[in-house]
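Protein chains in written order, with my numbering: chain A, 356 to 504; chain B, 356 to 504; chain C, 356 to 504.
Virtual Cβ for every residue (Gly too), placed ideally from N, Cα, C.
Since this is a predicted model, take the numbers as computed values, not measurements.
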Amino acid sequence: MEETVGLAAVTVLGVLEQAYFSLQVIYSRRKYSVSPPATSGPPEFERVFRAQANCSEYFPIFIVVLWTSGVFFSQGLSSVCGLLYLHARLRYFRGYSQSAQGRLAPLYFSAQVLWALIGFSSLGIFFTFCRVYLNLDLLHGLCCALNLI
Amino acid sequence: MEETVGLAAVTVLGVLEQAYFSLQVIYSRRKYSVSPPATSGPPEFERVFRAQANCSEYFPIFIVVLWTSGVFFSQGLSSVCGLLYLHARLRYFRGYSQSAQGRLAPLYFSAQVLWALIGFSSLGIFFTFCRVYLNLDLLHGLCCALNLI
Amino acid sequence: MEETVGLAAVTVLGVLEQAYFSLQVIYSRRKYSVSPPATSGPPEFERVFRAQANCSEYFPIFIVVLWTSGVFFSQGLSSVCGLLYLHARLRYFRGYSQSAQGRLAPLYFSAQVLWALIGFSSLGIFFTFCRVYLNLDLLHGLCCALNLI
């Protein structure tokens, strides 16, 4: 379990962030008197609602790449990327709550972190395939080669 | 695999519940003549649609805390919480289908179960951190202390 | 890790597909001038938007049954089903983008693949339960019986 405890900690932090976003939507519903099941209302409410919906939509994708990257490539690197992603999502949510423009910079950053995690996952899976099916330890070979230089 | 088979069983039950909710939306679309891609219509349809959307949104969060709590804390306790959560979601869906008011009691209960799972996950991760990085077995120590009293 | 590397590869492929769908929504927002947080507009935009929302909603369910089926039943069979599902979702997205009717055939096919994965998961979990708690290796017994015939 020591190989995944960092990923699990980042995961629980992500769940707490989602809980915080959900509570903000509830407060916003009260503030702007938008009762369920309605999802449209003043732009201030709709921005908060869409910000939470977007974060929820990306949450499973984030968790999936966090864990594949962490298990098949590097737990440390994945956990750091995970923390960067969660921080970017917090800035995205706050920015979007204020203006549609305010969501863009943190959104682009969070997308870049996701691409990094996808890249690490792909590398890790590729190395594992080589090791398991071709009996070829590329990661070990790479480390040796870098040591020699 | 014996350490996760209970979690896997609850997970598959949760997937079946989501399938049931999706079918209810399809029936409701037919009944109230709301063809895709439209998502607005009479309040009866919108309540069913939102009930399913809300359950879908919470599904990944539920699965994530079910497994972190089950792997890092206790499979038995997590599985029981998982069954309670799935039952609460069923009552939520049926309550919301009848009236917006009817969703509240089971929604609050399902949220409490999620908080319990988040608490167990955090405890389990904290104990694992202590054991792995500080070589300190708090859980074992706690059990010994309780035995002595 | 050799028991899950195929599942991980299909998972990352699924994430890339979701990224492709998200980009299509962004292009469609620009093409039909629908700025966030608005989610309604011309039917052409709404179909693309709903197609992506539906795929996102099913993504966690797909990942969950892919892995339970792969870990508790058969990695090879699950991975093949996973590829079929992802291909069906691509055809669904393209079909729905053109007409509401065009989404139906691939949607039904993708649902059948999900039901197969749910069936494999249930079988695998049932066999594991029998082996762990009843000390009864049904899968091994079944293979022996088939060999004898």
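Rounded distance between the beta-carbons of residue j and residue i, thought under 8 angstroms
| i | j | result |
| --- | --- | --- |
| B/W422 | B/L362 | 6 angstroms |
| A/Q407 | A/S433 | Wrong, their Cβ atoms sit about 25 angstroms apart, outside the cutoff. |
| B/L462 | B/Y440 | Not really, about 11 angstroms apart at Cβ, beyond 8 angstroms. |
| A/P398 | C/P392 | 7 angstroms |
Residue-chain proximity (residue i, chain C), Cβ-Cβ < 7 angstroms
| i | result |
| --- | --- |
| B/S411 | yes |
| B/A363 | yes |
| A/F484 | yes |
CB contact below 7 angstroms: residue i versus chain B
| i | result |
| --- | --- |
| A/V367 | yes |
| A/E357 | yes |
| C/V487 | yes |
| C/R446 | no |
| C/S476 | yes |
Beta carbon of residue i nearer than 7 angstroms to that of residue j
| i | j | result |
| --- | --- | --- |
| C/R486 | C/S452 | no |
| C/V360 | A/I480 | yes |
| B/I418 | C/V419 | yes |
| B/R444 | B/S465 | yes |
| C/S476 | C/S424 | yes |
| B/T483 | A/M356 | yes |
| C/V380 | C/F414 | no |
| C/G396 | C/Y387 | yes |
| C/S411 | A/E412 | yes |
| A/E460 | A/C436 | A small fix is needed here, since residue 460 of chain A is Ala in this sequence, not Glu. Contact: no. |
Contacts of residue i in chain D (Cβ-Cβ under 7 angstroms)
| i | result |
| --- | --- |
| A/E401 | Absent from the structure is chain D; the protein chains it does hold are A, B and C. |
Any C-beta of chain A under 7 angstroms from that of residue i
| i | result |
| --- | --- |
| B/R449 | no |
message: Tell me which residues of the stretch 366-393 of chain B have at least one Cβ-Cβ distance to chain C shorter than 9 angstroms, keeping chain order.
response: T366, V367, G369, V370, L371, Q373, A374, S377, S390, P391, P392 and A393
task: Quick one: which residues of the stretch 413-436 of chain C get their C-beta closer than 8 angstroms to a C-beta of chain B? List them in chain order.
output: P415, I416, V419, V420, T423, V426 and F427
task: Output, in sequence order along the chain, the residues in the stretch 452-478 of chain A whose CB is closer than 7 angstroms to any CB in chain C.
output: A455, I473, S476 and S477
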